Amino acid sequence: VKTIGVLTSGGDAPGMNAAIRAVVRTGIYHGLKVLGIYRGYNGLIHDEIKELDASSVADILQRGGTILRTARCEEFKTEEGLKKAAEVARKHKMDGLVVIGGDGSYRGARDLSKYGINTIGLPGTIDNDIACTDYTIGFDTAVNTVLDAINKIRDTMSSHERTSIIEVMGRNAGYIALYAGLTGGAESVILPEVDYDIDEIVDKINYGIKRGKLHHIIILAEGVGRAENFAKMIKEKMPTLDIRTSVLGHIQRGGSPTAFDRLLASRMGARAVELLMQGATNRVIGIRNGVLCDVDIDEALNMKKTIDMELYNLTKILSI
Ligand code: F6P
């Protein structure tokens, strides 16, 4: 293995830069040439590729987003797009490719590996919805961003004795909502993975008011629905309730990565290079119980991640 490439694909996540830095510096450390591919698979198809040296990744460890830019690429899903991408990779004598992104990105990596390009996927998404890993790069930072928002919103809700619905990202998964809800002391956490009962939520608000609670914070995962609609449902049952909604949106994707995400990204980036040097292909890196592992991409795509019910039940117990 002499030349490897690295790209980021799908939604950006804090820590992607730390992962790029780890791939580049580990590659150079082992005497490899490392190519940066811009705008995800688009850049591979359209040859937007530049060699990265050790200093080209200086000063990015602490930055959110991705210096390589990112995109969701429709052209790459076609046979023609895939062929073009493989040709460009061959033209640059790329023996291996590290793809940092979510599961849509791994499908691309798998398809490309069938054209003889060795590929390794790194889980980079705030959603934490990749089944082969306990944590994805960016998730911890996003949870901390949501936590900061909950703290601030709570000040206002307590002062006005209001109920607040905070809609958080996560696509079809409720991990951000669950972790931020538990650590932020939310009264209710509504997740796509667990059925909710609107009457139970209303009873809890009433009970909270009776026992003198100053606020009621509901963390709603976007995969369940919109905060405005949820507020309407509650308002129908409690017409006099003073209720407000906040949709946190893309603020959750940006910002300087936490130490946890930097560590995860650095370890995974370095492992990706080592795997490519060993001739591995079509693998996704994960972390389980603190130990790095790697899984076949097809296997990873078929795995189903379940929500941690122990944590979910704990949010209920601690918010009585
Ligand atoms: O996958 C990351 C994510 O931020 C999801 O949580 C969210 O549903 C989606 O991307 C938003 O996508 P976009 O940035 O294209 O609006």
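All residue numbers for the sequence shown refer to UniProt numbering, where the first residue is 2 and numbers rise by one. C-beta atoms are modelled at their ideal positions from N, C-alpha and C, and glycine is treated no differently. None of these values were measured; they are calculated from a predicted model.
For the pair L242 and I235, the CB atoms are nearer than the 8 Å cut-off. For L264, there are no CB contacts under 7 Å within the same chain when 5 residues up- and downstream are skipped.
Here the C-alpha atom of V58 lies approximately 25 Å from the C-alpha atom of D295. Under the rule that a run must span 3 or more residues, the beta strand (DSSP E) segments found entirely inside the segment 197 to 260 read 217 to 222 and 244 to 248. Inter-residue distance for L302 and F77 is about 18 Å (C-alpha atoms, whole angstroms). 8 Å or more divides the Cβ of T27 from the Cβ of A281. Judged by beta-carbon spacing, I38 lies within the 8 Å limit of G6, meaning their Cβ atoms are closer than that value. Of all C-beta pairs linking the segment 170 to 178 to the segment 197 to 204, fewer than three are shorter than 8 Å, placing the two stretches out of contact.
Within the same chain, and ignoring the five residues on either side of D297 in sequence, the residues whose Cβ sits closer than 7 Å to its Cβ are N283 and R284. Residue burial annotation: E188 is buried, with at least 16 other C-beta atoms found within 10 angstroms of its C-beta. Cβ-Cβ distances below 8 Å link E52 to K34, V35, L36 and G37 in the same chain, with the five nearest sequence neighbours on each side left out; the list follows chain order. The beta carbon of Q63 sits closer than 6 Å to the beta carbons of S257 from its chain, once the five residues preceding and following it are set aside; these are given in chain order. Every unbroken stretch of the alpha helix (DSSP H) spanning 4 or more residues and falling wholly within the segment 121 to 183 is given here in chain order: 140 to 161. Under DSSP, V285 takes part in a beta bridge, and its partners are G122 and V296. The Cβ-Cβ distance between I127 and A14 falls below 8 Å.
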